[in-house]
Structure formats: C-alpha cells, structure tokens
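Chemist: First, the structure itself, so that you have it in front of you.
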Amino acid sequence: MSEQMRTREYAMSEQAVTTVGRVAGRGASVQKRHTRRANGIVTTRLLDIYERLFAHYGDRRWWPADTPEEVIIGAILVQNVAWKNVETAIARLREKGWLSLRALRETPIEEVEECIVSTLYYRMKARKLQAFAAMVEAEFAGDAGLMLALPADELRARLLAVWGIGPETADDIILYAANQPSFVIDTYTRRIFSRLGLMEEKATYDELRAFFMRHLTADVALYNQYHALIDALGHSLCLKKRPRCRECPLCAMCPSAE
Ligand code: SF4
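With the first letter of the sequence shown counted as 1, position 97 gets the number 249 in this note's numbering; the numbers rise by one all the way through.
Following this line, the structure appears as structure tokens:
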C-alpha cells in the first residue's frame, strides 16, 4: 500500500462515522454478518456505503449469464465498452449456438468477428476469445470448470498469464464465473471512491483491490453485489462530468458532492 493511501486511511479513521439504519432484504443480512467481523472504521464506512447503495438500487442480480462460460465470454467482450453493446453480441452468439468456448474455438474467426461487431475492437476481442478457448483446451482438456475450480490465487495467476486478460477481466471471471472472492475494480470504482475521499484516484489497480479485500470479509455474495452497485451508481449518477449529486444516495457523506 502506498504511503498516500495509508495516510488517507488513517485520516478516515479519525472521522466520525454515521450509523445508518438497516434496510430490508439481502443487503441487511450482509451488513449484519459483516459488522460483527468488522475490524475498524474503514470497514464500517465501506458497509455503510454498501447499504446506502443497496437501499437505492436493490439487488442487481449480476452477472446476467446462464453458464460460467457465458460469464467468461461476456467478461472479455465488455472490455472498454458498455454492457448494452455486449448484450447484442451475446444474443447473436446465442442465436448461432456459439456461446461456449469450444464453439468459439472451432468457428472461423471472421464469423466470430461478425457476431461481436457491436463490442468495438471486435477483431482483437475475437482473437482474445479464441486464445482463451485454446488455453482451456490445451491446459484443461476443454473443461473450463476444471480451471475455475483452482484456488482463487492460482486461478488469478493463470488467467493473467493468458494473452488479452488483464486484472479486471481476471477478477470478473474469478468472482462471477468461479464464484470465488476477488474484488473487481473498474473506472467507476476509482472515480466514486476517490470522490468519496477514500482512495487516491491515481492508485494502481492492485492497491485499490487490496484496499477492499483488506477491509471486507472475503464473501462472494458481498463482492458480487458491491461491484454491481458501484457500477449502477457510476453509470447512472456519479458521471465523469456533471455528476448528479442531489439524486445520489451517498450525497450526505461525500466531500465532493456538488
Ligand atoms: S455525491 Fe456526487 S460525487 Fe459523490 S458519489 Fe454521489 S454522485 Fe459521486
């Protein structure tokens, strides 16, 4: 952890933390379970944010996919593009019966490209899909389940060694396809939590991920929902330009609120 981040965390521990009422539903049970294990004010603050987001947006039911392989395919396709573009591509792959790693590996690359053209950088992404499928075939006899059953740290290292798989994609796969705890960081996470004064905007991906994983219990359901809630806020209200702070459920606790 950088010195700047340590300073920031220390400063936060000096702040008063608002206790929020519990909301009904899954968010409340997560709060209850984790508050017991909370190891400090940073944890309480993170859970406070979680509860406010959950009360506002509800259960996000993320990741929208029928199989782990569909999650993997979606995680590669969503790189640098909005999810709605991915939905179009997934629908076309489903129509063709190509929504599996084996089918993608066996299909001529031009035809894969044609299906995923809505995701931008589609030529590169078609290559990434086929490279990933080839790795699963070569190292796991085509069985993605075997790969996903690796312990999280080992799985992460294997994923990061595949061409075209960066940390965010790897963590998406670990969390949403393998159902193992690995906190996912994206542009929205960086923007929102730096505006909240909890982290430096220039912190590295690994520093940001370590921050969440140090202060939150390694719980798949919590990580799953939290990342999805962050994305909901970043997509709808905490916009890059002109954030809609008056509508934001975090407005009362945000030092950057306009
Ligand atoms: S109050 Fe504004 S700046 Fe702060 S998290 Fe909400 S939308 Fe973003």
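Backbone N, C-alpha and C define an ideal beta-carbon position, used for all residues, glycine too. Source: prediction; values computed, not measured.
(1) Mind checking which residues open and close the alpha helix (DSSP H) that includes residue 297?
(2) Which word fits residue 226, buried or exposed, when buried means at least 16 other C-beta atoms lie within 10 angstroms of its C-beta?
(3) Beta carbon of residue 228: closer than 6 Å to some heavy atom of ligand 1?
(4) Using only the alpha-carbon positions, how far apart do residue 408 and residue 345 sit?
(5) Comparing alpha-carbon positions, which option in 293, 325, 288, 286 lies nearest residue 305?
(6) Taking its Cβ as the centre, do 16 or more other Cβ atoms sit within 10 Å of residue 376, making it buried, or is it exposed?
(7) Please name the residue in 217, 219, 333 whose C-alpha comes closest to that of residue 361.
(8) I need the straight-line Cα distance from residue 251 to residue 222, nearest angstrom please.
(9) Please confirm whether residue 319 and residue 378 have their CB atoms less than 7 Å apart.
(10) With DSSP run on the structure shown, which of helix, strand or coil describes residue 371?
(11) Exposed or buried, what is residue 249 when buried is set at 16 or more other beta-carbons lying within 10 Å of its beta-carbon?
(12) Please state whether the Cβ-Cβ distance between residue 417 and residue 257 is less than 7 Å.
(13) Using CA coordinates, which residue listed in 336, 294, 384, 209 is at the minimum distance from residue 371?
(14) Quick one: is the Cβ of residue 205 within less than 6 Å of any heavy atom of ligand 3?
(15) Just to confirm, does residue 267 get its C-beta within under 6 Å of one of the non-hydrogen atoms of ligand 1?
(16) Less than 8 Å between C-beta atoms, sequence neighbours within five positions excluded: which residues of the same chain meet that for residue 261?
(17) What do you reckon, is the C-beta of residue 398 under 6 Å from a heavy atom of ligand 1?
(18) Comparing C-alpha positions only, which one of 263, 195, 313, 264 sits nearest to residue 287?
(19) For the putative contact between residue 474 and residue 228, defined by C-beta atoms under 8 Å, what is the C-beta separation to the nearest angstrom?
(20) Answer yes or no: do residue 209 and residue 381 have a C-beta to C-beta separation smaller than 7 Å?
(21) When burial is assigned at 16 or more other CB atoms within 10 Å of the CB, is residue 203 buried or exposed?
(22) For residue 113 and residue 196, I'd like the C-alpha separation in whole angstroms.
(23) Spatial neighbours of residue 214 within its chain, please: C-beta separation below 6 Å, excluding the five flanking residues on both sides.
(24) Give the straight-line distance between the Cα atoms of residue 243 and residue 192, rounded to the nearest whole angstrom.
Modeler: Working from what's here:
(1) For residue 297, the enclosing alpha helix (DSSP H) starts and ends at 296 to 300.
(2) Residue 226 comes out buried.
(3) Within 6 Å of the C-beta of residue 228 there is not a single heavy atom belonging to ligand 1.
(4) Each residue's Cα considered, the two are about 10 Å apart.
(5) A check of alpha carbon separations from residue 305 across 293, 325, 288, 286 identifies 325 as the nearest.
(6) Using a 10 angstroms sphere on the CB of residue 376, the tally of other CB atoms reaches 16 or more, which defines it as buried.
(7) Ranking the options by Cα distance to residue 361, first place goes to 333.
(8) Across the structure, residue 251 and residue 222 are spaced so that their CA atoms are roughly 6 Å apart.
(9) No, these two residues do not count as a Cβ contact at 7 Å.
(10) If DSSP states are grouped into helix, strand and coil, residue 371 belongs with coil.
(11) Exposed: under 16 other Cβ atoms inside 10 Å.
(12) Summary: the structure shown does not reach residue 417, with the chain confined to residues 153 through 410, and so no result is reported for it.
(13) Residue 371 has its Cα closest to that of 336, out of 336, 294, 384, 209.
(14) Ligands present in the displayed structure are limited to ligand 1, and ligand 3 is not among them.
(15) No.
(16) Contacts found: 278, 279, 282.
(17) No, the beta carbon of residue 398 sits no closer than 6 Å to any heavy atom of ligand 1.
(18) Among 263, 195, 313, 264, the Cα nearest to that of residue 287 is on 313.
(19) Limits of the chain in this structure are 153 at one end and 410 at the other, which puts residue 474 out of reach.
(20) Yes; because the gap between Cβ atoms is below 7 Å, this pair is in contact.
(21) With a 10 Å radius around the Cβ and a threshold of 16 neighbouring Cβ atoms, residue 203 comes out buried.
(22) The shown model of the chain, from 153 to 410, leaves out residue 113, and the question about it has no answer.
(23) Around residue 214, the same chain offers 380 as residues with beta carbons nearer than 6 Å, after the five sequence neighbours per side are excluded.
(24) Their backbone Cα atoms lie some 45 Å apart in a straight line.
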